[in-house]
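Worksheet for the structure shown next.
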Amino acid sequence: ADDTVLLYDLARGGWSLPRLSHASQHLVSCAEWEPTQPTSLALGCASGVCLWAIAFAHEQTPQQQQPAAAGGGGGPSVTGAHLVRFLSHASGAPASSIAWSPYGGQLAT
Numbered sequence: 004a005d006d007t008v009l010l011y012d013l014a015r016g017g018w019s020l021p022r023l024s025h026a027s028q029h030l031v032s033c034a035e036w037e038p039t040q041p042t043s044l045a046l047g048c049a050s051g052v053c054l055w056a057i058a059f060a061h062e063q064t065p066q067q068q069q070p071a072a073a074g075g076g077g078g079p080s081v082t083g084a085h086l087v088r089f090l091s092h093a094s095g096a097p098a099s100s101i102a103w104s105p106y107g108g109q110l111a112t
């Protein structure tokens, strides 16, 4: 295992690039999308939490998109990602589970 997280694009039926990897990201145990910002992803790992910003490309207008079952795109594709912040707990404990508050202002580990 190389501690890389991949995103699977259900609409396109394949793995999206880029892969999420960072020097602080070891033994990822959980992932949670931020409920009010669909481009923000938190990954819990052995040394803390990695907060990622995912960039999506809207390659087609909604009228041009075909449902995935018809072989079309069906939605935006991932075009980039960058680590926004790494959070470590004062105790050094791993983040074995994480959850966002309903409005996204707080993250529990």
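According to the numbering used here, the sequence shown is numbered sequentially starting from 4.
The C-beta atom is built at its ideal place from N, Cα and C for all residues, glycine as well.
Where the beta strand (DSSP E) containing residue i begins and where it ends
{"i": "A49", "result": "Counting along the chain, A49 falls outside any beta strand (DSSP E), and DSSP gives it neither H nor E."}
{"i": "P21", "result": "17-23"}
{"i": "V8", "result": "8-12"}
Straight-line gap, residue i to residue j (C-alpha atoms, nearest Å)
{"i": "G85", "j": "P97", "result": "Residue 85 is actually His in this sequence, not Gly. If I take the Cα positions, the gap works out to 22 angstroms."}
{"i": "L20", "j": "A49", "result": "24 angstroms"}
{"i": "S32", "j": "S99", "result": "6 angstroms"}
{"i": "L30", "j": "S91", "result": "14 angstroms"}
Reference residue i, options the options, closest by Cα
{"i": "F89", "options": "R15, A14, G47", "result": "G47"}
{"i": "D6", "options": "G17, S27, L13", "result": "S27"}
| request: Go through the stretch 24-48 residue by residue and report every complete run of the beta strand (DSSP E) that reaches 3 residues or more, in order. | output: Counting only unbroken stretches of 3 or more residues, the beta strand (DSSP E) elements lying wholly within the stretch 24-48 are 33-36, 43-48, in sequence order.
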